[in-house]
Each structure stands twice: as structure tokens, then as C-alpha cells.
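Read through the structure below, which is laid out as C-alpha cells, and then see the notes.
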Amino acid sequence: MSNQIINKIRDKHELIFKVLLFAVSIFLVVLLLPKEGKFKYEFQKNKPWVHEDLLAPFGFAINKSKEEIATEKIKISQNQLLYFNVNAKVIDKVIIDFQNYIEQNVNNTLDLKEKEIIIQHGIKYLNEIYAVGIIEISDEIADKDRNFTILLMDENKVGEEVEVGKLFTIKSAYDFVSKDLKKLDFINANFLLSGIENALQQNIKYNKELTQKDLENEINNISLVKGGVYENEKIISTGELVLEDKYAVLQSLKVEYESKLGNSNQSMWILLGQLIIVILLFYAIYNFLKNVNVKVFNDNMDISFLFIVVVSFVTITVLILSFKEISVYVIPYCIIPLLIRTFFGNRMALFIYIITIFLISFIVPNSFEFILLESITGIITIFTVLNVNKRSELFYTSFIIFIVFSLSYLGLSLLQEGNIKTINWSMFGWFGMAAGFTIITYPFIYLFEKLFGYISDVTLLELSDTNNALLRELNLKAPGTFQHSLQVSNLAEEAIREIGGNPLLVRAGALYHDIGKMLAPAYFIENQMTGINPHDELSFEESADIIISHVIKGIEIAKANKLPEHIIDFIRTHHGTTKTQYFLRMSKNENPEIDIDAELFQYPGPIPFSKETAVLMMADSVEAASRSLKLYNTDSISQLVENIITSQVNENQFINTDITFNDIATIKNLFIKKMLNIYHVRIEYPK
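Positions in the sequence shown are counted from 1; adding 50 to them yields our numbering.
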């Protein structure tokens, strides 16, 4: 019984893992969502109240807006008294310095009495000056006028408000003494002035720490409310415009309402509501994948990648919202579609992006504004920026995101406010930062490539560089094969552009599809330059085995050089399960009486599974066969292309791909035109 259960689990492990992926993702998102309820009324500034008359369900305070609080902070900062410390002990040192100066520098011709008179007058002036005080001109008061008031703090922490103009500076103190001496016609004025000038020191200095502390206290004491509403008081009537004052009341009610819901026994119902909504959104993802992109639906790694992106951005949003001074618009949500589109295309990117924005709207304030701005920006970004293969394109993407964000916000603000003066211009700074952060898409692409085995256009461009070490080695060891690969890549790329697909992928795959020939290049006709064919010394079975082995050896070389699996798939499938027809026919012709085992001449497969791998098979066969034509004209090339591709279709080489007969017809016509150009065949026009 236990073995049966284990076997069932083993058989259904993919399904079980898929269910766990959905369950864990839903659990994490619900866990991250705030447990407060959501205010059931939507409203916008300067728009009519479209709901029934609203009465206050309970009493609550009216909160000041961020702008009002910011204005009060600025006003407090502008009116903040600057604290200055008064050092009463400075005068003692100044008097001593003055006396010493007179004793040491006054002319010896003066008698002691005259020196005493100078010292007495000097001390009198110094006492008068320091009774007022000499202020240090700090940067904080350098540009203030004389009437600017400061707070002088003595050693006992007693403060006194004084106008700056009533205090001395060193210069004004010197001038004060000089003018008074002139009035008195003091005989030894020069000696006295020199002593005063030498001794003067500032005794009033700016106290930055105390000023800042007082400012912080004032700011912390700002009231966050500006009134209140009583229970059952009418707040707004149906059809009434939501003007500035009503908007403030409604916003305050919304905050209080959601807070009360989160702290009551209704929180379980809120949790249930969140669970239902999140399950429905993930069910939408389930249906989209199952019905629109079955390939992704069947690959649990792909689903894991998508859910990691979704849950990560929900988590980042919760973290950013914990910092009240940072706007949620600093988060570069447009990374989501850019990242997903790189690996899965536009439809998947748009759908997952919209679902993620819906989930995050439960967390952020002003969810209507958030959904509108992010949706417009994301949609335009997806369909405006076609790829991010180059660094310049990523900068262009950032520019587009900033412009669309800014215009969307400007339009919505003008619609709501009806006045350009009331727009919150700081939002444009957040938009700029979000746009700038989009540049980190590149390292994320690289990270997910390595983690999930994906391949991006950037990597494909790098692989397609013919200066790549492996391609240079191919060119050195098997130059004919290298030239063949170049021609195949050109044919395949053009064909994929015509029928739709990934041109970069098929080009890169074509360049590497024959790297297995490097180990025995002389056995492949495109590398036989001397006319010597080593197959002449081998049996047909041995020759077929060498030709077929280039697929297996190519896979080994690719893995040794760490080529992505997407490229190795082209090596695996470029011959499908076809046969080495030449050696098979020769073997049958030489041994008509023997029943030849055709499997000895058959490639191991697998057959192509995508448009890109199918097109490569066609291009490879057509280009190789075209080299054996004896006559190059429209008929011979057309017949060659028709026979080869029709044979591949009849052998069911393309049954696992989504390629259509119309696609095949398009490819045939394109190959014929390209081959005619390659071999310079002129089209004969009827006379």
C-alpha cells in the first residue's frame, strides 16, 4: 500500500510541486498584506462625492496633511531662536592681558602715574564693553540685520533675548573706545587703544547643539491634527464636491477607519477577504498560463521564476512603506515587464505586471492613483521599448519611463486639483529615481539566466560574435564548416523574421550547430580542399557513423564550453531523425541482396520542437545540398528547395513544432530567392 502511494506521488510530483508553488506564493502574499481593512469609499479631490450622504461612524480627529506639517516645520525653522553662550570669565583674562600689554609696551618716558591712568581708563572701557558682550559672527547670523533677535544663555542657563545690533563685535568695540577717547582728548590714547585692541576677545558664541535640540523639540511638538468630527456628524452629502477641507476630513476618516478595522475582531474577516482576492488573482495567472502559454504552465521552473518576481516586488513594497519618508514610487516596478519580456514575450510580461500591480494596490495608499500611474507607464514601456540589447536602449527606456510617469501624474493632478500650483513637485524626483533604478534590469537578467537556465538577447548577441573563442576555433580547424554555418545562419535568420520567432536565437544556434565537425573536419566535404576523401577508405556504415557522430560530439563540445541549453538544442535537432541518405543508398546499391539496417544510417534525434529549430534544419539541409548542384538556375534551385523541405515534412520532422504549411511555403520562397542571390543567378524574364 505504501509503495502504491509513493509511486502515485512520484508520478504526480510535477503536479504536486505546481500546487505547492501556487499555495506558498499565495500564503506569502497574504502574509505580507497589511491586516488593516480598506476604506470602502473611493473619492478624489475636486470631484463630486458619488456615494450616499456620509455620517461619521465614530468621533475622530482631522489630521493635517503632509504639506501642512511641512509648512509648519519650515515656519518653525525660519523663526527658530539661535542660542548663544555668554562666557562671563573672559573679561578677567582680557583685563590681565591689557595690563600686561601696557606694562610691557608703553614708552619708558611715561611715569608710573601716567601708566596707572591708562590702565584705569582701559579697565573702565573693558567693563563697559563686556557688560554688553562681544559676539562671534557665525555663519548663522552673518546675513541677518541688526534687529535679528538671538537668545543669550548665561552660565546658569538663564536666557535673555537680545537684538544682534545691540551687541559689540571686536571692531565695533574698538571703534567705541576710539570715538570716546577723541571726545575726551585723551593724551595717551594711542597706547590705550593698542592695549584694548590686543586684549579684546569674543565672549558670546553660537551654541549649535542647543539650538538644534530646541528646534527638534519644537518640531516634535507640532500638533498632527487640526480639529475633530463628532460621531454621527454629517461629513459630506451626495453630489457635493470634495474640496480641500472635505478631502482632509475624508482622508482622516479613512486612516482611522482602516486602523480600527485592523485592531478589532473583524481582522479575521479582513484576512479572509484578502485570501479570496489573492487566490482569484493567482487563479487568473493559472488560467492564463494553462490556456495561453502551455509551455510555461508545464515547466515548474518557469512558474517559479514568475512567482519569485511577483512575491519579491510585493516584499520590496512592504519594506519601502515602512520608511514613512520614502515614496512607494521610488520602486522601479517597470523592471517586472522588462525582465519577464526578455524570457517570455510581451503578452506574459503585460499580464504578470498587471496582476502584480493589483496585488500591490492592497498595500499602498491611494490605490486608484497607484494602479493608474503604474499601469499606464508599464503598458507604454512594454510596447514602446522593443528590446534592451544595448546599454543605450536601457537609458532610453529609463527616459521613457520618467516621461510617461511624469505626464501621467501631471494629468491626474490637474484633473484632481484643478490648479498647477498645488501639484506636489517632489513626486517627480521619486519618478526620476524609479526610472534610474530601471538600469539594474541588466544584472537581474544575467542573474536569472544563470539561476534558471534562460537565455536573453544580450547573451545571444555575445554568442553570435564571430570573435568568440569557440567560433574562431571552428574557423581555424574547419573553415569550410564555418563558412557553411555563416550561410545557414543568414538563411535561418531571414526565414524566422518572415514567419515570426526569435532571429537572434536561430542565428546563434546556426553558428554553433556543426561544431562537432571540428574533431574530424576532413570527413566533411566542405572541408576537403585537396580532393582526397577519407571516406574512400571506409565502409559505408563507418562513414555514416562518423557523419552522425558530429551531433553527439557537438553536444559534448558545447557542454564543455558551457553553451546554454537553448543553443545545444539546435545541435541536437538539426538533423532530427533523418538518415545519411547518400551512404544508405550506396550501401543498398552495393549490396542489393542484403537487407540493410537503415537505423545504422539514422541520426539519433530528437526532431525539432520549435519554429527556430525547424527552420535551422531546413536551412542547413538546403545550404549543404546546394553545393552539390552542377547547374545553378531558377529551376534547379527551386527543385532542390522543394524536394528537401517536402522530404523533411513527409518524414514528420516538424510534427512537434508549431510551424504551419503557410510558414513552410513562405520559407521555401525565401530560400529560393536567397540561394539565387548567393549564386548570382539572373532571373529569366519571358520575351
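Just so you know, even glycine gets a beta-carbon here, dropped at the ideal spot from N, CA and C.
query                                                                                             : result
Secondary structure of A715, DSSP reduced to three states                                         : helix
Helix, strand or coil at I505 according to DSSP, with G and I counted as helix                    : coil
Backbone CA spacing between N135 and K123 [nearest angstrom]                                      : 25 angstroms
Residue environment, N113, which counts as buried when at least 16 other CB atoms sit within 10 Å : buried
Selected residue, minimal CA-CA separation from H534, among V672, I353, W475 and P415             : V672
Of the residues D295, L105 and K95, the one placed nearest V275, counting alpha carbons only      : D295
Inter-residue CB distance, W99 and F93 (contact presumed, cutoff 8 angstroms)                     : 6 angstroms
Option in V74, L132, N341 and I505 with minimal Cα separation from F189                           : Reading off the sequence shown, one finds Asp at residue 189, where the question assumed Phe. If we check each option's Cα against that of D189, L132 comes out closest.
Residues near K567 by beta carbon distance below 7 angstroms, same chain, minus five either side  : A528, T531, F574 and H600
Minimum Cβ-Cβ distance from N206 to chain C less than 8 angstroms                                 : Any reference to chain C falls outside this structure, which holds one protein chain only.
Candidates M579, I549 and A111: closest to T716 by CA position                                    : I549
Beta-carbon separation (whole angstroms), V691 vs K718, contact threshold 8 angstroms             : 5 angstroms
Coil, strand or helix - M203 by DSSP                                                              : strand
Burial state of H101 (16 or more Cβ within 10 Å)                                                  : exposed
Residues near S739 in its chain [Cβ-Cβ closer than 6 angstroms; skip 5 each side]                 : With the chain covering only 51 through 737, there is no way to say anything about residue 739.
Extent of the continuous beta strand (DSSP E) run through I254                                    : I254 to Y256
Residues that DSSP places opposite A106 in a beta bridge                                          : None; A106 has no bridge partner.
Best match in Q631, A120, V346 and Q130 for proximity to S476 [C-alpha to C-alpha]                : A120
Short Cβ contact (8 angstroms threshold) for I450 with T431                                       : yes
Runs of beta strand (DSSP E) wholly within the region 133-162 (minimum 3 residues, chain order)   : 133-136
From K609, P658 and Y682, residue whose alpha carbon lies closest to that of Q698                 : P658
Residues near Y224 in its chain [Cβ-Cβ closer than 6 angstroms; skip 5 each side]                 : E247
Segment limits, beta strand (DSSP E) that includes G395                                           : First-last for G395: undefined, no H or E at that position.
Run of the beta strand (DSSP E) containing G209, from where it starts to where it stops           : G209 to E213
Selection from D595, L650, N416 and D230 that minimises the alpha carbon distance to Y297         : N416
Per DSSP, cross-strand counterpart(s) of N113                                                     : V275
Distance, Q130 Cα to L300 Cα                                                                      : 33 angstroms
Alpha-carbon spacing of E543 relative to A560, whole angstroms                                    : 9 angstroms
Length of the line joining the Cα atoms of I66 and I705                                           : 30 angstroms
Exposed unless 16 or more other CB atoms sit within 10 angstroms - verdict on Q262                : exposed
Backbone CA spacing between P614 and F620 [nearest angstrom]                                      : 11 angstroms
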